[in-house]
Amino acid sequence: MNPDDRKALKDRLLNQARAIDSARHAQATPIDRAVSTSEHYPLTETLVTTTDFHSLEGYRRIAMMRTLGDSLGITSPFFRCHQRRAGATSRLGDQDVINFANYDYLGLAGDRRVLDATHQAIEYYGTSVSASRIVAGERPFHGALERELAHCYQSDDALAFVSGHATNVSTIAMLVGTRDLIIHDSLIHNSVVVGASVSGATRMSFPHNDAQALDRLLFDHRDRFERVLVVIEGHYSMDGDTPDLARFVEVKRRHHCWLMVDEAHSLGVLGATGLGLHQHCRVAPGDVDIWMGTLSKSLASCGGYIAGCQALVDTLRYLAPGFLYSVGLAPQLAAPARRALQVLQEEPWRTTRLTQNARRLLDGIQALGLNTGSSEGHAIVPLILGSSARAAKLSHALLAAGINVQPILHPAVPERSARLRFFVSCEHQPDQIDQTLSALERLTNTD
Ligand code: PMP
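Be aware that the sequence shown starts at 0, since it is given in numbering that gives the first Met the number 0, and climbs by one per residue.
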């Protein structure tokens, strides 16, 4: 976009934002006059406006984004509807696409064995366990899944929750409180930030993957707090890079902290046989206090888990609100996760092929002279474009060329690091990756 067009677009967006504001204002005033005679409930204009959902800051941002899309002549990249199972390929509307927009890293969401295990579980147990496990009771598949997850981390036990996000929120909120500190990587997932704010603990962050900065922060602040929880991810979902686990273990030991690792994007992805960050870094899994993961990526289901020592898991089992006050995992969620976990371990070629595919895409994009940030090429490859408009336009043009990849726009990332994010699967074929690289070469040259 040339500078004149950019200025015209900016003016148009500002005018539209002002128009939204004055329309709200105009609507609020008569209502205000009509009801402000009430002695008991004197409503000011401000109060009336606060009941109008259009006035929400978040809603205004959405409206601005729609306007930006319209101005650029592109349809929204969000909530694209897949007409069938979305794997390495998918169908959007009536268009077949090569798909880089989901986390089924090992291609198990449509695997025959996983489907059969799911069908059998529903036939036998029905479609819901209807209530919390503590009151309504468990089913054998709950314990079986948890034992097999615990086995992957050589831990005493594990606990499965119905949502990955809720796993982090509930676990963190349960373990720390107002006298404690949570200190996390600056790129940590939203669920950790929400958990920290629910907990009431003090929250700090350290620069991405910088164990030395964490060490310095702990030297300065550790003694003011009772318990300290350090949280990192095994494989960062925006950037595709990994932490040096041994360094983090060393730091947490020196300062007597708990270390929690979120393995959402590392189980099935990292390590010679897909067992995750500890295998990748050759660190004993027992050196990490709290292993967290999701069932929604490599495990082809939905839910989350915590693995660790018995006291930790028992505490969560009896007290974590998102477990205690929420329904148990349904058969059609536990069964595919368990079967996928078995296949993951029986067929390490899936992880190997995933890495080969991601490497092929990463090397190819870099050979085009494009910016892939700090991606290590395990499964997540960002293409950093430096502006939301550029990312949205390129995603749109790629879709027209039969390639589905999501743009990540401001405010999800800072504007200067707006990007496309490719999620690779072990099901992608080399020629699909090459076709994607050719399209990128063509479209970024004409950009
Ligand atoms: N942790 C991380 C690092 C994630 O990326 C996500 C979601 N993608 C979650 C937790 C939440 O998991 P879920 O979507 O399974 O609720």
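In this text, a Cβ means the ideal position worked out from N, Cα and C, and glycines have one as well.
Everything numeric in this text was worked out from a predicted model, so none of it was measured.
Take A195 as the anchor and find which of V260, G176, S265, G401 has the nearest alpha-carbon.
-> Of the candidates V260, G176, S265, G401, G176 places its Cα closest to the Cα of A195.
Original post:
DSSP on G321, reduced to helix/strand/coil?
Top reply: Residue state, collapsed to three classes: helix.
Next on the checklist: With a threshold of 7 Å (Cβ to nearest heavy atom), would N101 be considered close to the ligand PMP?
Outcome noted: N101 Cβ: outside cutoff for every heavy atom of the ligand PMP.
- prompt: How big is the Cα-Cα spacing for S325 and H150?
  reply: Cα atoms of S325 and H150: separation of roughly 25 Å, rounded to the nearest angstrom.
Worksheet item: Taking the Cβ atom as the reference point for each residue, do G475 and S169 lie within a distance shorter than 8 Å?
Response: The displayed coordinates of the chain run from 0 to 446. Any statement about residue 475 would go beyond what the structure contains.
Quick check: the Cα distance between L439 and L397, rounded to an integer number of angstroms?
Taking the straight line from one Cα to the other gives about 8 Å.
Straight-line gap, R252 to R221 (C-alpha atoms, nearest Å):
Cα-Cα distance, rounded: 12 Å.
| Quick one: what does DSSP say P335 is sitting in, helix, strand or coil? | In the structure shown, P335 sits in a helix (DSSP, three-state: H, G or I).
Inset, instruction - Sort L367, F224, R215, S300 by Cα distance to L114 and report the nearest one. - result: That would be S300, whose Cα lies nearest to the Cα of L114.
By the 10 Å Cβ neighbour count, where 16 or more other Cβ atoms means buried, how is V312 classified, buried or exposed?
It is buried - the Cβ of V312 has at least 16 other Cβ atoms within 10 Å.
Open item on the list: Can you check which of these residues, I182, L244, D243, Q344, is closest to D219 by C-alpha distance?
Closed with: Shortest Cα-Cα distance from D219 to any of I182, L244, D243, Q344 involves I182.
Measuring straight from C-alpha to C-alpha, what distance separates F303 and F160? The residue asked about is misnamed: residue 303 is Gly in this sequence, not Phe. About 5 Å.
Requested in this report: Determine, using beta carbons only, whether R418 and A390 come nearer to each other than 8 Å.
Outcome: Against a cut-off of 8 Å, the Cβ pair of A390 and R418 comes out as a contact.
Practice prompt. Within the same chain, show all residues whose beta-carbon is closer than 6 Å to that of T350, passing over the 5 residues directly before and after it, in chain order.
Written response: Setting aside the 5 residues that flank it on each side, T350 is surrounded in the same chain by G273, each with a C-beta closer than 6 Å to its C-beta; the list follows chain order.
Could you tell me the alpha carbon to alpha carbon distance between R441 and I402, rounded to whole angstroms?
Cα-Cα distance, rounded: 13 Å.
- prompt: For L467 versus V342, is the C-beta spacing smaller than 8 Å?
  reply: The first residue shown for the chain is 0 and the last is 446, placing residue 467 beyond what the model contains.
For the ligand PMP, I want to know if S129 counts as a neighbour, meaning its beta carbon is within less than 7 Å of at least one of the ligand's heavy atoms.
Because no heavy atom of the ligand PMP lies under 7 Å away, the Cβ of S129 does not count as near it: no.
- Query: Using a threshold of 7 Å, is the CB atom of H188 nearer than that to any non-hydrogen atom of the ligand PMP?
  - Reply: H188: yes, Cβ under 7 Å from the ligand PMP.
- Go to R112, then tell me how far its beta strand (DSSP E) extends in each direction, as first and last residue. Where R112 is concerned, there is no enclosing beta strand (DSSP E), although the alpha helix (DSSP H) it sits in stretches over 111–124.
Subject >> Closest Cα partner of G106 within the set I121, M64, T88, A212 >> reply: If we check each option's Cα against that of G106, T88 comes out closest.
Count the C-beta pairs between the region 262–279 and the region 223–240 that are closer than 8 Å, then say yes if the count reaches three, no if not.
Using a C-beta cut-off of 8 Å, the region 262–279 makes contact with the region 223–240, since at least three inter-stretch Cβ pairs fall below that distance.
Quiz item: So does the region 120–136 actually touch the region 289–296, counting three or more Cβ pairs closer than 8 Å?
Solution: Using a Cβ-Cβ distance cut-off of 8 Å, the region 120–136 and the region 289–296 are not in contact, since fewer than three pairs of beta carbons, one from each stretch, lie closer than that value.
* Asked: Helix, strand or coil: how does DSSP classify E414 here?
  -> Per DSSP, reduced to three states, the secondary structure at E414 is helical.
| Can you tell me whether Q431 is buried or exposed, with buried defined as 16 or more other CB within 10 angstroms of its CB? | Q431 sits buried, since 16 or more C-beta atoms from the chains shown fall within 10 Å of its C-beta.
Exercise for review: Assign A210 to buried or exposed, taking buried as 16 or more other Cβ atoms, counted over all protein chains shown, within 10 Å of its Cβ.
Suggested key: Counting Cβ neighbours within 10 Å, A210 comes out buried, since at least 16 surround it.
- request: Output the distance between the C-alpha atoms of D184 and L213, rounded to the nearest integer angstrom.
  value: Counting only the Cα atoms, L213 lies some 9 Å from D184.
Simplified DSSP state of S204, which is helix, strand or coil: S204: strand per DSSP, three-state reduction.
| Can L408 and S387 be called in contact, C-beta distance under 8 Å? | For L408 and S387, yes; Cβs fall inside 8 Å.
Subject >> Status (buried if at least 16 other CB within 10 Å, exposed otherwise) for N189 >> reply: Exposed, since its Cβ has fewer than 16 Cβ neighbours within 10 Å.
field: Heavy atom of the ligand PMP within 7 Å of H164 beta-carbon
entry: Yes.
Practice prompt. Helix, strand or coil for V326, going by three-state DSSP, please let me know.
Written response: In the displayed model, V326 falls within coil according to three-state DSSP, outside both helix and strand.
TODO: Go ahead and label F247 buried or exposed: buried means 16 or more other beta carbons lie within 10 angstroms of its beta carbon, across all protein chains shown.
DONE: Per the 10 Å Cβ criterion, buried.
Q: May I ask you to list the residues that DSSP assigns as paired with V227?
A: In the DSSP assignment, V227 forms a beta bridge with L180.
Inset, instruction - Could you check if T435 is buried or exposed, using at least 16 other CB atoms within 10 Å of its CB as the buried criterion? - result: By the 10 Å Cβ count, T435 comes out buried.
With DSSP run on the structure shown, which of helix, strand or coil describes D222?
D222: helix per DSSP, three-state reduction.
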